[in-house]
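Trainee:
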Amino acid sequence: MPTPTLTQSIVITLIQCLLVVIFVFVVVPLTVFAERKVLGHLQMRLGSTRIASGHTGLSGFLNRGMWKMGKVPVLSYWRGIPGLLADVVKLIIKEDIIPDKADRFVFFLAPSISMVAAVVVFAAISFVPGTFFTFPTWFPLVGGLPVSGGIADINVGLLWILGVATVGVYGIVLAGWSSNSKYPLLGGLRSAAQMVSYEVPLALSLLAPVVLAASLNFTEMATRMAVGMPIWALVPQVIGFLLYLTCGFAETNRLPFDMPEAENELVAGFHTEYSGMKFGLFYLAEYINMTVVSALASAFFLGGPWLLPFGLQGLLNPYLPGFLSWFGEPHAIFFVAKIIFLLFTYIWVRGTIPRYRYDQIMAVGWKYLIPLALVNLLLAAAIRCFAV
Amino acid sequence: MFKNEEMEINLGPQHPSTHGVLRVKLRLDGETVTHCRPMIGYLHRGVEKICENQSFFQGQVWTDRMDYCSAVANNLGWAEANEKLLGITVPRRAQYIRTLLNEFNRIASHLIWLGTHAMDIGALTVFLYAFREREDVLDINEAFCGSRLTTTAFRIGGLREDLPPGFEKMVRKFLAKFSDCLDEYEALLTENRIWKKRTIGVAKLSAEDAIALGVTGPMLRAAGVAYDIRKAFPYAAYAEMDFEVPTRTEADTYARYEVRMAEMRQSARIIQQCMDGMPEGPVMAKLPKILRSEVNEVYHATESPKGEIGYYLVGEKGSLNPYRFHVRAPGFINLQSLPKMAEGGLIADVVAAIGSLDIVLGEIDR
Amino acid sequence: MNKFLRTLIPTDIAKGLSVTGKHFGQVFFTANRRKVPFHIVGEYPEVPAKVQPRYRGRLTLLKDEQGEIKCVCCLACEKICPTQVITIEKGKMEGRKMPFPVRYDFEMERCIFCEFCVESCGFDSIILNHQFELAAYNREDFSLGTKGTAQNMFELSPVGKYSVAED
């Protein structure tokens, strides 16, 4: 395999960045779409089944026929997607209102901080272990060179992710402050306290698998956790998973921890005064953060990009028949499936449980989650010391 | 070093959780509410004055539009107050049907309350589940009187028409499934730790305060006072019904939730009894051609889902329309207790308190 | 201890999740397979709304077998209407003994659909029909009547073209 020159590696990295951005811009609208659909189904509705002027044309005719027969048209499952496109177009062409008394520079800065912090995290996530694909030899400049599954598969990827994700708080706090309005200010202050508090149990719960696997590298960790561990050694991992998921909800400001934007109290929280694409960036950032949290959860707790969670792979491997042996091999599709499941859980929880009060959120964070995470970490350390 | 300033904030009139156009002026110290004053009047239409200028017969349509979530209960109060004023006795079958529809209305109103209150506290799905059952109640309304929300269900002297064919089947179908549906809402809320945290001990209003402020309805019963006009001063056919008045002593938001859930079960019981013991006979009393008042003034109170709704009618003997008309609106009087409940709490508790009041601004502003 | 365990293990939340999850499964997997679907939404413009026989729609003047307006201008409906939306002008028609409404105006904008007019009518000459869609884009479309610039009362409301529940 040829060693790439500096130019070549820069080009490859740029291509990877482009792929990540494309991934983000595909995943986010689909998540929004899924949210509408799943919430609808939870509530015995069908979600978005139509777009405007859906009565005309061939598909309108077919759909009408099916509705009349009392059936849900197959097409209508996807009918929300044009609406999604319309949403994006609306956000882009909508008038961008800046409040008179707002701090204009910070008002501009805040959404970009949120968005950048959310996307940059992807640099350290490897979607596929090893090589993603190799350029064909006829390809100019980078022909024959491999493209790895992550932009920067660094050993301290976890630190990078935690560090950069925290920067996202600034976006929200600054947005709340710069709007020069009361509800956003309350939302911003709430989120500052909330996200800083939940950063701690989040990191602590991530440490348990790190201790168990004695590595910060995703690939290595996932393999160790999934194969060759006694099943009882994975108890801290299960607890850690639930802890991490809870903190993840708080970090991404989703129900039951959606304090910063708590709709029924603060109207829309920190982005009350935002409109147009600036609001769109916050919106995007929220969903990207959800994806990141899901990706991390599946990487650290659910057996990495390809293996079964909670040590099940180790149990299953001896019994795998020959034609199913690919089951133990890396497949990006497993990773995606896990992310999808976790995103579904996000929406499911949102549709089910009420919202905490602000002081209760802090109490839960400091009084329950942090001690639990510490205990869990001790447990993992003990297992690491004496058993494995 | 730092100046400690209080922040004044307007909750409403355009706000997701003020149930209409209520404006609450809050003064906040951080997130703690130090001062809370509800401001009303954004939906004032002068219902009382309009009714004074119209005949006794016509006035009923305005009561629909006061508390539009419990139009039937308002109609019942109006009809009975006028019957007292005009000296009319209503046939027994009409009384039963009135009771039946009134209890259905109580269920519908409580379901709206449940959905919106849970939504305020963040549980999105309960809203849709509650509205699913409310839809059936509205269908029953529509089957009986042709309209779903602004029912104009009753007439002075009885009912316009008897029950439609197929009505009993609808009611029985509803009763058969309703208990399970209530269980479903309770599975989502009653034991939920977040729901409990958000409601237990929140927005307390002791029995003394409640009585002093004139608070009635589920709010009062959640404070341990078993005052229900259906039992205390029976009207319609309630004297013949066997039901309980659920009370709690905690006087907080959770207690109000429990009281209302229990009330819905009792309502289902009353409906069952009405349906089983429905007497035969006419549904309209013999009325004079032109309605003229017989006595000078009348105050008639009924138990609407929100509390005691009282109609005060002054009619000179022989007049065609009320000389003075006043409504003792439960929402209006219950709203007085908001400062008592909200001050000292957090801003999120104000939302829970407003939700537990179960206000409808159409009735408060009239 | 029991309380501690209950705090630690979120059975209450699991219970809630099972309720919503059950409904999700029911709706998601059986949307097309069941005769009576689990989802409760109506597909309104495609499938017309069902109204009850007593539904109170728009005021309609009835005609008798000869195709003549049944109304005899007793003005009962005009008097009873709480919002004064009905205006009747009495007139004569050749070959008809009873008075004939030269003008029968109905301002649907202000109508509150209480059906008092139908109740007061001693000649069964008006009904509230079952028309479900009463929206229009112009104010003029709401002035219905028998003559003049008003919309013709005997036709459907101009916007109700997607569905009309059968009378």
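Residue numbers (my numbering), protein chains in the order written: chain P, 1 to 388; chain G, 1001 to 1366; chain F, 2001 to 2167.
Glycine included, every Cβ here is placed at the ideal spot set by N, Cα and C.
Predicted model only: the values in this text are computed from it and were never measured.
Sort Gln2052(F), Thr2060(F) and Ile2040(F) by Cα distance to Asn1141(G) and report the nearest one.
Mentor: Here the question's residue 1141(G) lines up with position 141 in the second sequence. For Asn1141(G), the nearest C-alpha among the options comes from Gln2052(F).
Trainee: For Glu1052(G), write down the residues that DSSP places opposite it in a beta bridge.
Mentor: Here residue 1052(G) refers to the residue found at position 52 when the second sequence is read from its first residue. None; Glu1052(G) has no bridge partner.
Trainee: Could you tell me the alpha carbon to alpha carbon distance between Leu1128(G) and Leu1114(G), rounded to whole angstroms?
Mentor: Here residue 1128(G) refers to the residue found at position 128 when the second sequence is read from its first residue. Here residue 1114(G) refers to the residue found at position 114 when the second sequence is read from its first residue. Each residue's alpha carbon lies about 10 Å from the other.
Trainee: By DSSP, does Pro1288(G) sit in helix, in strand, or in coil?
Mentor: Taking the second sequence and counting its residues from 1, one reaches residue 1288(G) at position 288. Coil at Pro1288(G), not helix or strand.
Trainee: Can you give the beta carbon distance from Leu1313(G) to Asn1053(G), rounded, assuming they're within the 8 Å contact cut?
Mentor: Position 313 of the second sequence, counting from 1, holds the residue named residue 1313(G). Position 53 of the second sequence, counting from 1, holds the residue named residue 1053(G). Incorrect: roughly 14 Å between the Cβ atoms, too far for contact.
Trainee: Could you tell me the distance, in whole angstroms, from the CA atom of Met1119(G) to the CA atom of Glu265(P)?
Mentor: In the second sequence, residue 1119(G) corresponds to position 119, counting from 1. In the first sequence, residue 265(P) corresponds to position 265, counting from 1. Each residue's Cα considered, the two are about 11 Å apart.
Trainee: Kindly say whether Ala1143(G), judged by its beta-carbon, lies nearer than 8 Å to any beta-carbon of chain F.
Mentor: As a working note, residue 1143(G) is residue 143 in the second sequence. With 8 Å as the cut-off, Ala1143(G) counts as an interface residue toward chain F.
Trainee: Between the Cα of Asp1139(G) and the Cα atoms of Lys1173(G), Asp1209(G) and Leu1124(G), which residue gives the shortest distance?
Mentor: Translated into positions along the second sequence, residue 1139(G) becomes position 139. Nearest C-alpha to Asp1139(G): Lys1173(G).
Trainee: What is the residue span of the alpha helix (DSSP H) that Ser178(P) lies within?
Mentor: Position 178 of the first sequence, counting from 1, holds the residue named residue 178(P). Ser178(P) -> alpha helix (DSSP H) spans Gly157 to Ser178.
Trainee: Please give the ranges of any alpha helix (DSSP H) in the stretch 1172-1217 of chain G, keeping only runs that are unbroken, at least 4 residues long and fully inside the region.
Mentor: Listed in chain order, they are 1193-1199 and 1207-1212.
Trainee: On a CA-only basis, which of Gly1362(G), Asp1365(G), Gly1355(G) and Leu1361(G) is nearest Leu1111(G)? Give me that one, please.
Mentor: As a position in the second sequence, residue 1111(G) is number 111, starting the count at 1. Checked all of Gly1362(G), Asp1365(G), Gly1355(G) and Leu1361(G); the closest Cα to Leu1111(G) is Gly1355(G).
Trainee: Would you mind sorting Met195(P) into buried or exposed? The rule is 16 or more other CB atoms within 10 Å of its CB.
Mentor: The sequence position of residue 195(P) within the first sequence is 195, counting from 1. With 16 or more Cβ atoms within 10 Å of its Cβ, Met195(P) is classed as buried.
Trainee: What residues in its chain sit with their C-beta under 6 Å from that of Ser2163(F), if we drop five residues either side in the sequence?
Mentor: As a position in the third sequence, residue 2163(F) is number 163, starting the count at 1. Residue confidence for Ser2163(F) is low, a pLDDT of 43 falling below 50, so the modelled location carries little weight; the figure read from the coordinates is stated next. Within the same chain, Ser2163(F) has close Cβ partners Pro2048.
Trainee: For the stretch 266-278 of chain P against the stretch 176-184 of chain P, do three or more pairs of beta-carbon atoms, one drawn from each stretch, fall closer than 8 Å, so that the two count as touching?
Mentor: Touching, yes.
Trainee: Give me the DSSP bridge partner(s) of Ala1094(G).
Mentor: Translated into positions along the second sequence, residue 1094(G) becomes position 94. Partner(s): none; Ala1094(G) has no beta bridge.
Trainee: Looking at chain G, is there any beta carbon in it that lies within less than 8 Å of the beta carbon of Met2040(F)?
Mentor: On the third sequence, position 40 is the one that residue 2040(F) refers to. The identity of residue 2040(F) in the sequence shown is Ile, whereas the question assumes Met. Interface residue, yes.
Trainee: For Arg1155(G) versus Ala1079(G), is the C-beta spacing smaller than 8 Å?
Mentor: Along the second sequence, one-based indexing puts residue 1155(G) at 155. Along the second sequence, one-based indexing puts residue 1079(G) at 79. Yes; because the gap between Cβ atoms is below 8 Å, this pair is in contact.
Trainee: When the cut-off is 8 Å and only beta carbons count, does Asn1192(G) lie next to chain F?
Mentor: Counted from its first residue, the second sequence places residue 1192(G) at position 192. Chain F, which has a Cβ nearer than 8 Å to the Cβ of Asn1192(G), makes this yes.
Trainee: Does the distance from the C-beta atom of Ala363(P) to that of Pro201(P) stay below 8 Å?
Mentor: Position 363 of the first sequence, counted from the start, is the residue given in the question as residue 363(P). Position 201 of the first sequence, counted from the start, is the residue given in the question as residue 201(P). Cβ atoms of Ala363(P) and Pro201(P): not closer than 8 Å.
Trainee: Helix, strand or coil for Val1314(G) per DSSP?
Mentor: Against the second sequence, residue 1314(G) aligns to sequence position 314. Looking at Val1314(G) - three-state DSSP - the assignment turns out to be strand.
Trainee: Count the other C-beta atoms from every protein chain shown that fall within 10 angstroms of the C-beta of Asp1276(G), then say buried if there are 16 or more, exposed otherwise.
Mentor: Here residue 1276(G) corresponds to residue number 276 of the second sequence, with the count starting at 1. Per the 10 Å Cβ criterion, exposed.
Trainee: Three or more C-beta pairs closer than 8 Å, one from the stretch 239-256 of chain P and one from the stretch 1025-1045 of chain G: is that the case here?
Mentor: Segments in contact, no.
Trainee: Within 10 Å of its beta-carbon, does Gln1060(G) have 16 or more other beta-carbons around it, so buried, or fewer, so exposed?
Mentor: As a position in the second sequence, residue 1060(G) is number 60, starting the count at 1. Answer is buried; the Cβ neighbour count reaches 16.
Trainee: Quick one: what does DSSP say Gly1307(G) is sitting in, helix, strand or coil?
Mentor: Position 307 of the second sequence, counted from the first residue, corresponds to residue 1307(G). Of the three classes helix, strand and coil, the one that applies to Gly1307(G) here is strand, per DSSP.
Trainee: Determine whether the Cβ of Ala1187(G) lies closer than 8 Å to any Cβ atom of chain F.
Mentor: Start at 1 with the first residue of the second sequence, and residue 1187(G) comes out as number 187. It does: the Cβ of Ala1187(G) has a partner Cβ on chain F nearer than 8 Å.
Trainee: Per the DSSP calculation, Glu1142(G) is bridged to which residue(s)?
Mentor: By 1-based counting over the second sequence, the position of residue 1142(G) is 142. Per DSSP, none; premise fails for Glu1142(G).
Trainee: Is the beta carbon of Tyr1185(G) closer than 8 Å to that of Ala1130(G)?
Mentor: On the second sequence, residue 1130(G) is found 130 positions in, with the first residue counted as 1. On the second sequence, residue 1185(G) is found 185 positions in, with the first residue counted as 1. Cβ distance < 8 Å, so Ala1130(G) and Tyr1185(G) count as in contact.
Trainee: Mind listing which residues of the stretch 1007-1029 of chain G have their C-beta closer than 9 Å to chain P's C-betas, in chain order?
Mentor: The stretch 1007-1029 of chain G vs chain P, Cβ under 9 Å: Met1007, Glu1008, Ile1009, Asn1010, Leu1011, Gln1014, His1015, Pro1016, Ser1017 and Leu1028.
Trainee: Go ahead and pull the three-state DSSP assignment for Phe1243(G).
Mentor: Along the second sequence, one-based indexing puts residue 1243(G) at 243. Note: Phe1243(G) maps to coil in three-state DSSP.
Trainee: Verify whether the separation of the beta carbon atoms of Ser191(P) and Val169(P) is less than 8 Å.
Mentor: In the first sequence, counting from the first residue as 1, residue 191(P) sits at position 191. In the first sequence, counting from the first residue as 1, residue 169(P) sits at position 169. Yes, the pair counts as a contact, with Cβ atoms nearer than the cut-off.
Trainee: Asp1252(G) and Ala1207(G): beta carbons closer than 8 Å?
Mentor: As a working note, residue 1252(G) is residue 252 in the second sequence. As a working note, residue 1207(G) is residue 207 in the second sequence. Not a contact, by the Cβ cut-off of 8 Å.
Trainee: Residues in its own chain within less than 7 Å of Gly40(P) by CB, not counting five upstream and five downstream?
Mentor: Residue 40(P) sits at position 40 when you count from the first residue of the first sequence. Taken in chain order, the residues that qualify are Leu46 and Gly47.
Trainee: Less than 8 Å between the C-beta atoms of Gly1315(G) and Tyr1299(G), yes or no?
Mentor: For the purposes of this step, residue 1315(G) is taken as residue 315 along the second sequence, with counting starting at 1. For the purposes of this step, residue 1299(G) is taken as residue 299 along the second sequence, with counting starting at 1. Not a contact, by the Cβ cut-off of 8 Å.
Trainee: Is there a Cβ of chain G sitting closer than 8 Å to that of Thr2060(F), yes or no?
Mentor: For the purposes of this step, residue 2060(F) is taken as the residue at position 60 of the third sequence. With 8 Å as the cut-off, Thr2060(F) does not count as an interface residue toward chain G.
Trainee: For Ser1372(G), go through chain F and note every residue whose CB falls closer than 8 Å to its CB, in chain order.
Mentor: Residue 1372(G) falls outside the range modelled here, since chain G spans only 1001 to 1366, and no answer is possible.
Trainee: With a 10 Å radius around its C-beta and 16 neighbouring C-beta atoms as the bar for buried, classify Pro2082(F) as buried or exposed.
Mentor: Residue mapping note: residue 2082(F) aligns to position 82 of the third sequence, counting from 1. Looking at its Cβ environment, which holds 16 or more other Cβ atoms inside 10 Å, Pro2082(F) is buried.
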